[in-house]
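Enquirer:
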Amino acid sequence: MKIASREIAVKGWHMDLFCVLLILGLNPITHFFNRSPRIFSPDTIAYVTLARDLFSKGLFYIPSWAHVNNGLIYPLLYPFFIACGNLFSGESLKVAEWVSCLSALAASIPIFLYLKETTNRVVALLTVLLIQINFYYFSVGMRPLSEATFVLTLSWTMFLTLLLFRNSMSNRRGLSLIVGLSCALVFLSRQIGIVVFLFLLGFFLLQALTSYRTERRAFFENILFMALGWLIVIAPYTLIIYHQTGHHPLQQNFSTAGHEVTTTDPEVLAEIQRIENIPDKSYAAIYAKRRLMRKLLPDSSEMLYRVNRKKKEETKYLNYFVSTLGNPKYFLGKIYNNIMYLRDPLGGLILGTFFLFCLSPFFVKSDKMKLPNRLLLPLFILFYLSVVSCFTDKIPRYSHILFPFVLMHIAGELFVYFHAVTSKFKIRLSILVFFFVVYALLLFATPRFFTALRIFPKLEDAETEFHGLRDQVNGEPVFGLSPFSSYLLGGSCRLLPNDSLEKVVKYGKKTGVRWLLVSRTQSAVSEARLYTNTQWYSSPTLERDYPHLVRFCCKTADGAYVLYEIL
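So the numbering used here is basically just the index in the sequence shown, starting at one, shifted up by 4.
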């Protein structure tokens, strides 16, 4: 008997390994691993900048960003992976893309294992393939941002939690500790990941309070060890962040009090107020506001909340949370917006099916899955959307990353429905045939597929051509039009002030910036249009027109980037 069960287990393990290899082999990311969408957002540059200083300087934050008075605290996991990759390659932007690719590929493994626990091996395989060909999954894996590491750590946490729920009445200290550690990694991948730990803590606490007295001890011990696992990682990280910055890890932008721009001009202050009153209906509107600010202040737009606005910077998250909940209509509107963002990767039919299946665990019983197991994903998704909506509804990608878990819940409930219907009416129907029909319907309802993302060969030696300029800058701050160009120089980003070259030089001397980077690329020309007082920027002979202000140092081989030293 033991030999037979052992043979079944070995055979099952072999089949799981075969399915994982099949999933990875059919994943589009595998076939486009060395290609790139060539989208390097300011967030991407912030991550690679943090990675650059992580091992060399031991910094867990970015000392200054865009403005000399502005520091950044970003989640550490993604930059840590990039820093590890930099030990083998100096092309940090390529490394950042490869880390995203590997994270998205690896995330398919816990997703498959979770689905195998809630359905069966065939349904799990088909569902993962459906997830992988979605445009947003492919985009997450190809773009150098933290979403891929977030999905990876979140999917592992959900799978480990499912295993813990399977025997939650027994004391499983080791697994509880690992779940806590995994929750900490979710937080280190993105700051919003703290909701995962809060959700699981509340879920287990609710189970403990509603269980029999004889079972409560096991529940409370599981909670205790999960919290211990969380603290093992988060406590030292928090102490280091506080020691280096004086702030907590949930803070992102903070004032270093090194140099502040202030103004008492009533016309400027009135214009600031007008810009602040522009409705924020999209994340793009935030950037539009920041661009407008460049016309007003002798510095970058990041000073929007720093000009006579110190009280805003001190606003506590809890106060903002309470104020949002205090306006139910406003709060429900934000929830609605975040839910509608899920239509982008899922479509209306699949999204509506998910919300119907949120209620099905209460009405359709399953012999294979307990009620807490079936409620894990829908309750987490609803909790996540509610918490995120307390703070924002302007960033669609905060909601987009939930779509794999929506499809996972739908697959699990379809599996339950299939067995409930066939057993009640005593129908013999293959689960494979049933799910292929459903699969075809879901495939037809999916709005976009991975083929919609334009990708190109990765940039070859994108950073090595800047070696001559990097030797000159040597990590110092650089005035430029974008964080991307400043990073390529190996310096820290200082957005170019919207003013005459004389005032730029004066401001540079005041704030310790002695390098000026002039870009001749098409994107730089578009960005320069946002500046109204920098006609000098387009001069091809800047060093001859202003010999007393700047000195030519060097340029790239194609002449696209020219470096000047402020005299």
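Ideal Cβ placement from N, Cα and C applies to all residues, glycine included.
Hey, quick one: how far does the beta strand (DSSP E) through phenylalanine 619 stretch, first residue to last?
Expert: One cannot answer for residue 619 here, as it falls past the ends of the chain, which runs 5 to 571.
Enquirer: Looking only at its own chain, which residues have a Cβ that is under 6 angstroms from the Cβ of glycine 233, when we skip the five neighbours before and after it?
Expert: Residue mapping note: residue 233 aligns to position 229 of the sequence shown, counting from 1. These residues qualify, in order along the chain: Leu181, Gly184, Leu185.
Enquirer: At the level of alpha carbons, what is the spacing between leucine 567 and tyrosine 78?
Expert: Sequence index remark: in the sequence shown, residue 567 carries index 563 (1-based). Sequence index remark: in the sequence shown, residue 78 carries index 74 (1-based). Taking the straight line joining both Cα atoms gives about 29 angstroms.
Enquirer: What's the call for serine 549, buried or exposed, on a 16-neighbour Cβ count within 10 Å?
Expert: Along the sequence shown, read from residue 1 onward, the residue named residue 549 stands at position 545. In the sequence under discussion, the amino acid at residue 549 is aspartate, which differs from the serine named in the question. Exposed, by the Cβ-count rule.
Enquirer: Where does cysteine 612 sit, in a helix, a strand or coil, going by DSSP?
Expert: The chain is shown from 5 up to 571; residue 612 falls before or after that span and cannot be answered.
Enquirer: Please state if the CB of proline 481 and the CB of glycine 351 are separated by a distance shorter than 8 angstroms.
Expert: For the purposes of this step, residue 351 is identified with residue 347 of the sequence shown, where counting begins at 1. For the purposes of this step, residue 481 is identified with residue 477 of the sequence shown, where counting begins at 1. 8 angstroms or more divides the Cβ of glycine 351 from the Cβ of proline 481.
Enquirer: Return the chain-ordered list of same chain residues with a C-beta closer than 7 angstroms to the C-beta of glycine 89, the five sequence neighbours on each side being excluded.
Expert: In the sequence shown, residue 89 corresponds to position 85, counting from 1. Counting only Cβ-Cβ distances below 7 angstroms, and skipping sequence neighbours, we find Val99, Trp102, Val103.
Enquirer: Any idea what DSSP makes of alanine 564, helix, strand or coil?
Expert: Counting from 1 along the sequence shown, the entry for residue 564 is found at position 560. Three-state result, alanine 564: coil.
Enquirer: Can you tell me which of Leu355, Phe366, Cys394 puts its alpha carbon nearest to the alpha carbon of glycine 330?
Expert: Looking up residue 330 in the sequence shown gives position 326. Closest option to glycine 330, Cα to Cα, is Cys394.
Enquirer: Keeping to the same chain, check which residues put their C-beta closer than 8 angstroms to that of leucine 81; ignore five residues upstream and five downstream.
Expert: Counted from its first residue, the sequence shown places residue 81 at position 77. Exclusion of the five residues before and after leucine 81 leaves Ser150, Thr153, Thr157, Leu189, Leu192, Ser193 as the residues of its chain whose Cβ lies within less than 8 angstroms of its Cβ.
Enquirer: So within the segment 58-137, which uninterrupted alpha helix (DSSP H) runs reach at least 4 residues, ignoring any that extend past its ends?
Expert: 81-90, 96-122, 125-136
Enquirer: Check for me: the alpha helix (DSSP H) holding glycine 206 runs from which residue to which?
Expert: Counting from 1 along the sequence shown, the entry for residue 206 is found at position 202. Run containing glycine 206: 198-214, per the alpha helix (DSSP H) assignment.
Enquirer: Nearest to leucine 228 by alpha carbon, out of Pro240, Leu205, Tyr216, Pro365?
Expert: Taking the sequence shown and counting its residues from 1, the one referred to as residue 228 is at position 224. Residue Leu205 is the option with its Cα nearest to leucine 228.
Enquirer: In the DSSP assignment, what are the bridge partners of phenylalanine 422?
Expert: For the purposes of this step, residue 422 is taken as residue 418 along the sequence shown, with counting starting at 1. Its beta-bridge partners do not exist; DSSP assigns none.
Enquirer: Closest by CA to leucine 346, which one among Thr536, Phe36, Leu389?
Expert: For the purposes of this step, residue 346 is taken as the residue at position 342 of the sequence shown. For the residues Thr536, Phe36, Leu389, the minimum Cα distance to leucine 346 belongs to Leu389.
Enquirer: Tell me which residues share the same chain as tyrosine 51 and place their Cβ nearer than 6 angstroms to its Cβ, disregarding the 5 neighbours each side in the sequence.
Expert: Your numbering for residue 51 matches position 47 in the sequence shown. For tyrosine 51, where only same-chain residues beyond five positions count, the Cβ hits under 6 angstroms are Tyr82, Pro83.
Enquirer: Let's see if you can read the secondary structure: which residues bound the alpha helix (DSSP H) around tryptophan 160?
Expert: Counted from its first residue, the sequence shown places residue 160 at position 156. 151-170 is the extent of the alpha helix (DSSP H) around tryptophan 160.
Enquirer: Should tryptophan 4 be labelled buried (16 or more other beta-carbon atoms within 10 Å of its own) or exposed?
Expert: Nothing about residue 4 can be read from this structure; the chain reaches only from 5 to 571.
Enquirer: Give me the Cα-Cα distance between phenylalanine 483 and leucine 500, rounded to the nearest whole angstrom.
Expert: Working through the sequence shown from its first residue, we reach residue 483 at position 479. Working through the sequence shown from its first residue, we reach residue 500 at position 496. Computed Cα separation, rounded: 5 angstroms.
Enquirer: Tell me, please, which residues DSSP counts as bridged to glutamate 506.
Expert: Within the sequence shown, residue 506 is the residue found at index 502, counting from 1. Beta-bridge annotation (DSSP): glutamate 506 is not paired with any residue.
Enquirer: If you drop the 5 nearest sequence neighbours on each side, which residues of the same chain put their C-beta closer than 7 angstroms to that of asparagine 31?
Expert: Looking up residue 31 in the sequence shown gives position 27. Once the five neighbours on either side are set aside, the close Cβ partners of asparagine 31 are Leu109, Ser112, Gln136.
Enquirer: Let me check understanding here. Comparing Cα to Cα, which of Gly416, Thr560, Pro408 lies closest to lysine 372?
Expert: The residue given as residue 372 occupies position 368 in the sequence shown. Residue Gly416 is the option with its Cα nearest to lysine 372.
Enquirer: Tell me which residues share the same chain as proline 487 and place their Cβ nearer than 6 angstroms to its Cβ, disregarding the 5 neighbours each side in the sequence.
Expert: Here residue 487 refers to the residue found at position 483 of the sequence shown. Excluding residues within five positions, the ones whose Cβ falls inside 6 angstroms are Pro46, Ile49, Cys497.
Enquirer: Got a sec? Which residues, its chain only, sit under 6 angstroms from serine 93 by beta carbon, not counting five neighbours each side?
Expert: For the purposes of this step, residue 93 is taken as residue 89 along the sequence shown, with counting starting at 1. Only Val99 meet the Cβ criterion.
Enquirer: Check each candidate in Cys557, Thr34, Gly29 and name the one with the smallest Cα separation from aspartate 475.
Expert: Within the sequence shown, residue 475 is the residue found at index 471, counting from 1. Out of Cys557, Thr34, Gly29, Cys557 has the C-alpha closest to the C-alpha of aspartate 475.
Enquirer: Quick one: grab the DSSP three-state call for glycine 516.
Expert: Looking up residue 516 in the sequence shown gives position 512. Three-state result, glycine 516: coil.
Enquirer: Specify the secondary structure class of valine 368 as computed by DSSP and reduced to three states.
Expert: Stepping through the sequence shown from its first residue, residue 368 is reached at position 364. Coil at valine 368, not helix or strand.
Enquirer: Mind listing, in chain order, the continuous alpha helix (DSSP H) runs of no fewer than 4 residues lying wholly within the segment 428-480?
Expert: 435-449, 471-477
Enquirer: What would DSSP say about leucine 346, mapped onto helix, strand or coil?
Expert: Numbered from its first residue, the sequence shown carries residue 346 at position 342. Coil.
Enquirer: Since I believe alanine 564 is in contact with arginine 524 (beta carbons under 8 angstroms), could you give me their beta-carbon distance rounded to a whole number of angstroms?
Expert: Within the sequence shown, residue 524 is the residue found at index 520, counting from 1. Within the sequence shown, residue 564 is the residue found at index 560, counting from 1. The pair is a contact, with the Cβ atoms about 5 angstroms apart (cut-off 8 angstroms).
Enquirer: Report back the beta-carbon spacing between isoleucine 459 and methionine 230 to the nearest angstrom; my notes put them in contact at under 8 angstroms.
Expert: On the sequence shown, residue 459 is found 455 positions in, with the first residue counted as 1. On the sequence shown, residue 230 is found 226 positions in, with the first residue counted as 1. Contact doesn't hold; Cβ gap of about 40 angstroms is too wide.
Enquirer: Using the Cα positions of leucine 463 and phenylalanine 359, report the straight-line distance between them to the nearest angstrom.
Expert: Numbered from 1 along the sequence shown, position 459 holds the residue referred to as residue 463. Numbered from 1 along the sequence shown, position 355 holds the residue referred to as residue 359. When rounded, the distance between both Cα atoms is 43 angstroms.
Enquirer: Tell me, please, whether the CB atom of leucine 375 is closer than 8 angstroms to any CB atom in chain C?
Expert: As a matter of chain content, chain C is missing from the structure shown, which is built from one protein chain.
Enquirer: Helix, strand or coil: how does DSSP classify asparagine 257 here?
Expert: Taking the first residue of the sequence shown as position 1, residue 257 is located at position 253. If DSSP states are grouped into helix, strand and coil, asparagine 257 belongs with the strands.
Enquirer: Excluding the 5 residues flanking phenylalanine 454 on each side, which residues of the same chain have their C-beta closer than 6 angstroms to its C-beta?
Expert: On the sequence shown, residue 454 is found 450 positions in, with the first residue counted as 1. Around phenylalanine 454: Pro32, Ile137, Phe139, Phe142.
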